[in-house]
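Scroll down for the structure; my scribbles are underneath it.
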Amino acid sequence: MQFYNLRHPEERVSYKKATLLGQGKDNGLFFPKSIPKFSVKFLSQLSHLPNVEIGFECMKDFIGEEIPEEILRNICEETLCFPFPLVEISPEISALEMFHGPSLAFKDVGARFMSRCLSYFLKEEDKKIWVLVATSGDTGGAVASGFYGISDIEVIILYPKNRVSPVQEKQLTGLRGNVKALEVKGSFDDCQRLVKEAFSDTELNEKMSLTSANSINISRWLPQQVYYLIAQKEWQKKHKAKPVISVPSGNFGNLCAGMLAYRRGMPVDHFIAACNKNDVVPKYLKTEKYSTIKALPTLSNAMDVGNPSNFVRVMELFGYSFKDLSAILSGESITDAETLAVIEKIKTASGYTLDPHGAVAYLALENYLSLHLGKKGFFLETAHPVKFPDAVERATNKKIPLPETLKPLMKKEKITVEISSNYSDFRAFLSQLF
Ligand SMILES: *Cc1c(COP(=O)(O)O)cnc(C)c1O
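Counting along the sequence shown from 1, when you hit position 321 you're at 335 in this note's numbering, and nothing is skipped either side.
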């Protein structure tokens, strides 16, 4: 399928080109030329299909012949190698647990899928590529693990010193091989600035092919539809009515993928854009006025985004019709105090431990359902609580036990290079690599 640039619709590229480029002219995002509908047969057979088959069916319409079927199936197998349980918390509300992957966060799906597509396309080109990632904690772990050991790709992760949790830091720094971690004496914004400067450094780009691995890349964005379909498969086994789906949102890649699946025919009653204090989209959905902000720090820090990149894709999906969009999507902004309170409340009431991102989505859903009696739904629990121990332990007054699977990771030696937040330092590090 072809993809067009949302800023310059005349720029049209293949799936491969869109994956290799990341974004189009003037940083425009790529968008599929048409929205392929799911067949009635596919939707009615969902509850009998293995997850890998669901992934394959979902993705093949976009990829066509650009990746042979056999290889695409392998990519789906390696991507969907962990479960996505739908856990009932109350009769009305379930959690779609997305933290059973290698880095304990939902971004594992997109990162694994993208790394393998990229690697396949690079082999055809006989090329090597450098992936630069700035992370506040969560993205970096998924990218490190998803790209680890993938040929022709080198990964450089920049994270703010002393500002990521212990589990996150080990995930960034415990690997070797093609993944290098840089500990930046500064903030997440400094890390992002360094990466941006590298992308616009013409001399550097002549020596190294650089790319990013964030959700603007279609190979990271599109596979996120798959777990909505997997959730649907479980939902249909227990419920007749369509679900209300609450998505903890920052850059809106995740929610936008769910809404794409809905436009393709997946049954959904309503979506909720669950945000923390960074409430650009909830405000827009209430007032029809869209104004970006400078990101505010919160406990659910993977959602601290003041100018969500993917929201333009949501608008495109609904033809920029506020009426159509607001009929299916509501927004809700949750404060840190409410986040802590709901983590505590649910722990006491049902023994379930929410992470701060899942907590935002849970509460937004609970609020919506209290105004729409009789409806039911699920929220996306996007990370394991152990990745955000400060907030969770503050709320519950209990230590979160380390999952068995993490114990080997925590014993790994931390290997990093420390740099200042000056571009010259980062540049010097990069230039000794080529
Ligand atoms: C990245 C992230 C989000 C936000 O996802 P977007 O696709 O950027 O909206 C939510 N929760 C967690 C734990 C994350 O890591």
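Positions of the beta carbon are idealized from the N, C-alpha and C atoms, including for glycine.
If you draw a straight line from the Cα of T301 to the Cα of E220, it is about 46 Å long.
For the pair K421 and S335, the Cα-to-Cα distance works out to about 49 Å.
In this structure, I259 sits near F285, with a CB-CB distance shorter than 8 Å. Assignment of L343 by DSSP, reduced to helix, strand and coil, places it in the strand class. Two segments are said to touch when three or more pairs of C-beta atoms, one from each, lie closer than 8 Å; by this definition the segment 95 to 104 does not touch the segment 130 to 139. Sixteen is the threshold: when 16 or more other Cβ atoms of the shown chains lie within 10 Å of the Cβ of H371, as they do, the residue is buried. Taking a C-beta distance under 8 Å as the contact criterion, E358 and A288 do not qualify as a contact pair. Judged by beta-carbon spacing, F202 lies beyond the 8 Å limit of A156, meaning their Cβ atoms are not closer than that value. Using a Cβ distance threshold of 8 Å, S344 and L387 do not count as a contacting pair. Contact between I68 and R277 is absent: CB atoms are separated by about 17 Å, not below the 8 Å threshold. Along the segment 55 to 136, the alpha helix (DSSP H) occurs as fully enclosed runs of 4 or more residues at 65 to 77 and 83 to 93, listed in sequence order. L218 and G191 have their C-alpha atoms roughly 22 Å apart.
Straight-line measurement puts the Cα of G391 at about 25 Å from the Cα of R234. Rounded to whole angstroms, the separation of the alpha carbons of L383 and Y173 is 38 Å.
By alpha-carbon distance to K199, the top candidate from P180, K210, K175 and E183 is K175. The C-beta distance from A373 to V356 rounds to 5 Å, short enough to meet the 8 Å contact threshold. Going by DSSP, V295 is part of the alpha helix (DSSP H) stretching over V294 to T301. L447 and A341 have their C-alpha atoms some 51 Å from each other. Under the rule that a run must span 4 or more residues, the alpha helix (DSSP H) segments found entirely inside the segment 232 to 256 read 232 to 235 and 239 to 252. For P262, the Cβ falls inside the 7 Å cut-off from some heavy atom of ligand 1.
Look at K291: its beta carbon is at least 7 Å from all of the heavy atoms in ligand 1. Within 10 angstroms of the beta-carbon of R126 lie 16 or more other beta-carbons, which makes it buried.
Taking a cut-off of 8 Å on C-beta distances, the segment 245 to 259 does not touch the segment 303 to 313, as fewer than three cross pairs fall below it. With contacts defined as CB atoms closer than 8 Å, Y437 and E211 qualify as a contacting pair. Contact check for T187 against T419 fails: the beta carbons are separated by 8 Å or more.
At a threshold of 7 Å, M222 does not count as near ligand 1, since its beta carbon sits no closer than that to any of the ligand's heavy atoms.
When C-alpha distances from G163 are compared across I143, I170, L416 and V193, the shortest belongs to V193.
In this chain, N228 is not harboured by any alpha helix (DSSP H), its DSSP state being neither H nor E. Our two residues, A316 and T216, have alpha carbons roughly 30 Å apart in a direct line. For G155, no beta strand (DSSP E) segment is defined; the enclosing uninterrupted segment is the alpha helix (DSSP H) at D152 to F161. I259 carries a strand assignment under DSSP once its states are collapsed to helix, strand and coil.
Around the beta carbon of I85, fewer than 16 other beta carbons sit within 10 angstroms, so the residue counts as exposed. In this structure G267 does not touch N321 by the C-beta definition: roughly 14 Å separates them, more than the 8 Å allowed. Under the 10 Å beta carbon count, E79 is surrounded by fewer than 16 other beta carbons and is classified as exposed. Judged by DSSP in its simplified three-state form, Y304 adopts coil rather than helix or strand.
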